[in-house]
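Have a look at the structure below before the remarks.
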Amino acid sequence: MFNNKTILITGGTGSFGHQYVKTLLEQYRPKRLIVFSRDELKQFEMQQRFNDPCMRYFLGDVRDVDRLMQAFRDVDFVIHAAAIKQVPAAEYNPMECIKTNIHGAENVIKAAIANNVEKVIALSTDKAANPINLYGATKLASDKLFTAANNIVGGGRTRFAAVRYGNVVGSRGSVVPFFKGLVAQGATSLPITHPDMTRFWITLQDGVNFVLKNFARMQGGEIFIPKIPSIRVVDLATAYGPDLKQEIVGIRPGEKMHEIMCPSDDSHHTLEFDDHFVITPSIQFFSGNNDYSQNRLGEKGTLVKAGYEYNSGTNTHFLSPSEILSMDAKA
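Shown next as structure tokens:
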């Protein structure tokens, strides 16, 4: 569905953007593939790796709606990946997080509707479910904006959805490269926030594949959630530093013990499919209610039990230290 189409990704110089561009160039023949981001150095570095004739690099910030209006001209599909994502950074810089994650989402919606973009998928996070930190709260607000945008569009063709998943193996600024760096520097211990902490775990490629498939699945208004394994933070430290002491340093500002992707309060809106969940809109669309129990690919889902919660701490699939290393090698 991406052959001879124009695709734009906001925040495209990040870890997801690199893998997303790589995958599209290997598997499809886009008409244009636009990387939209605000860092000229990262764009320059990315151009050394991805210089296919279809590639375009646009400098801009999602806070700037006029620049988005220009960038979205004749675009068919948009992936909105731009965000301020570091939990402690968001706690200490709240207004900057709000400007990018909420006002930026609003600007993406406005530009997509004005330019008659066909489909938009916004990247969300497990931290948006029952949020206790500002990053999660802004992403929940963003999710709500992208859901409601399917009403705002009126009779236009643009449709909006979101994808929510957990921690990405080895993404820039995440715990895996941090642990690897400490080990390489000869550290005698690894810092552990809490011995009971768990997280959902996914590779970049699996995340990219899930997003691409959901462009074909979506009707508009869904939050797509993959079924993925969990890890225990102590097992993660054991995997990368099996002979190192684990030092408990305490939970950072805004961190949860466990993450949630499908809250129990949304169970009456949550459908379970073979390999994913869908949280359906809680609002009624003016165009009429879609039947989300069967998606555009013909896959069928069923309503989960009342009170069901998809939680990293109660997940049925946990990775062992050796499996964590195998998943990292695959990534």
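Number 233 in this note's numbering belongs to position 216 of the sequence shown; there are no gaps in the numbering. Note that the Cβ used here is the ideal one computed from N, Cα and C, for glycine as well.
C-alpha distance - Leu140 paired with Tyr152, whole-angstrom precision: 13 angstroms
How about Ala179 and Phe163: do their beta carbons lie closer than 8 angstroms? yes
Can you find the residues in the same chain that come closer than 6 angstroms, C-beta to C-beta, to Glu239, ignoring five residues on each side of it along the sequence? Ala178 and Val295
Is the CB-CB distance between Gly187 and Ala348 below 8 angstroms? Contact: yes.
Have a look at Ala129, Val137 and Gly29 and flag the residue whose alpha-carbon is nearest the alpha-carbon of Ala100. Gly29
Complete runs of the beta strand (DSSP E) confined to the region 167-192 [at least 3 residues]: 176-180
Name, in chain order, the residues that DSSP records as bridge partners for Cys279. Tyr327
Other residues of its chain near Ala254: CB distance less than 7 angstroms, five sequence neighbours each side excluded: Phe196, Leu207, Ile209 and Gln263
Taking Ile119 as the reference, which of Asn150, Asp283, Ser159 and Lys136 has the closest Cα? Ser159
Since Lys273 contacts Ile149 with CB under 8 angstroms, what's their CB separation in whole angstroms? 6 angstroms
Through-space distance from Gly271 to Met214, alpha-carbon basis: 14 angstroms
Delimiting residues of the alpha helix (DSSP H) encompassing Ala392: Beyond the ends of the chain as shown, which are 18 and 348, falls residue 392; an answer cannot be given.
Do you know offhand how far Asp223's Cα is from Pro280's? 23 angstroms
Are the Cβ atoms of Phe33 and Val225 separated by less than 8 angstroms? yes
Judging by CA-CA distance, which residue of Val321, Thr205, Thr220 and Gly318 is the nearest neighbour of Ile248? Thr220
Shortest alpha-carbon distance to Lys59 belongs to which of Arg189, Tyr45 and Thr331? Arg189
If you draw a straight line from the C-alpha of Asn44 to the C-alpha of Gly267, how long is it? In the sequence as presented, Asn is not what sits at residue 44; that position holds Gln. One C-alpha to the other measures close to 44 angstroms.
Which of helix, strand or coil does DSSP assign to Phe33? Reduced to three states, the DSSP call for Phe33 is helix.
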